[in-house]
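Undergrad: Under my numbering, the letters of the sequence shown match residues 96 to 298, in that order.
Glycine included, C-beta positions come from ideal geometry on N, C-alpha and C.
What follows is a single structure, and I will ask about it in a moment.
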Amino acid sequence: MKQLFTTMLLLAAIGAFAQSGSNLTRKNTVGGYGALHTGVTAIGGHASLMAGGYGGVLLDRKYMLGLGLNAMGNMIKKQHDGLDRNWHMWYTGLAFEYTHQTDKKFHWSAGALVGGGNLTERMPWNWGKDWEELHNWNEDRVVSNYGFYAIEPFVNLEMNLNKHMRLFASGKYRRVFGSGSDVLTDSKLSSPTFSIGIKAGKF
């Protein structure tokens with residue numbers, strides 16, 4: 096079901112980009128925008144905040160090519176070999192987005208973030224240490240880092256506020272590959288995310 100959902104979103108995004116592609120050859124306009132968003136996802140069975148943003152160059156008022164970044168807004172606690180551990184994840188990559196009927200007050204967009212990131216396993220804070228010890232010990236808290244690849248297709252419902260700003264609600268699915276973690280496996284890192292955000296720029 097997850098693979099089907101991912102495939103459908105990717106096909107929708109690719110199809111939207113392909114639609115009226117010939118228009119790029121005539122009277123192109125160049126703009127750009129940035130988007131900030133925050134939402135809720137699930138990682139290893141734990142609810143987590145996920146915040147981030149993306150942005151780039153906008154061609155023909157429809158096709159955005161740029162970069163994106165997402166990161167957990169909190170750490171989750173999960174044991175590894177019977178020991179308490181804190182876990183945190185971020186990922187970044189190339190972002191593309193197609194916007195349909197951008198001048199309408201309510202419209203939709205679709206796209207994807209394709210790249211990679213890192214899952215960090217840390218020892219929990221030991222509040223029994225004094226502040227100097229905590230400062231020095233913080234650098235030694237990292238137990239392991241797990242790099243991975245990620246692809247995240249998304250669909251947005253958008254509302255224009257004015258010529259340069261718009262609100263959006265987003266549904267996306269994060270698929271992680273190759274993390275190598277036996278605690279938070281690829282399947283446990285892969286999950287839908289639901290978020291709200293704001294865009295600003297020259298549309």
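1) Name the two residues that bound the continuous alpha helix (DSSP H) containing serine 282.
2) Could you tell me the alpha carbon to alpha carbon distance between arginine 217 and serine 239, rounded to whole angstroms?
3) Please report the distance separating the alpha-carbon of alanine 130 from that of glycine 266.
4) Leaving aside the five residues before and after isoleucine 291 along the sequence, list all residues of the same chain whose C-beta is less than 6 Å from its C-beta, in chain order.
5) Tell me the DSSP secondary structure of valine 278 in three-state form.
6) By how many angstroms is the C-alpha of glutamine 174 removed from the C-alpha of threonine 194?
7) Return the chain-ordered list of same chain residues with a C-beta closer than 7 Å to the C-beta of threonine 124, the five sequence neighbours on each side being excluded.
8) Is DSSP giving proline 219 helix, strand or coil here?
9) Taking glycine 126 and glycine 148 to be in contact with their CB atoms under 8 Å, please state how far apart those CB atoms are, rounded to whole angstroms.
10) Starting from the Cα of glutamate 247, find the closest Cα among Tyr158, Tyr186, Val152 and give me that residue.
TA: Inspection of the coordinates gives the following:
1) 281 to 284
2) 7 Å
3) Spanning the two alpha carbons is a distance of roughly 15 Å.
4) Ala264
5) coil
6) 43 Å
7) Closer than 7 Å at Cβ, skipping near neighbours: Asp155, Arg156.
8) coil
9) Not a contact, Cβ separation roughly 17 Å.
10) Tyr186
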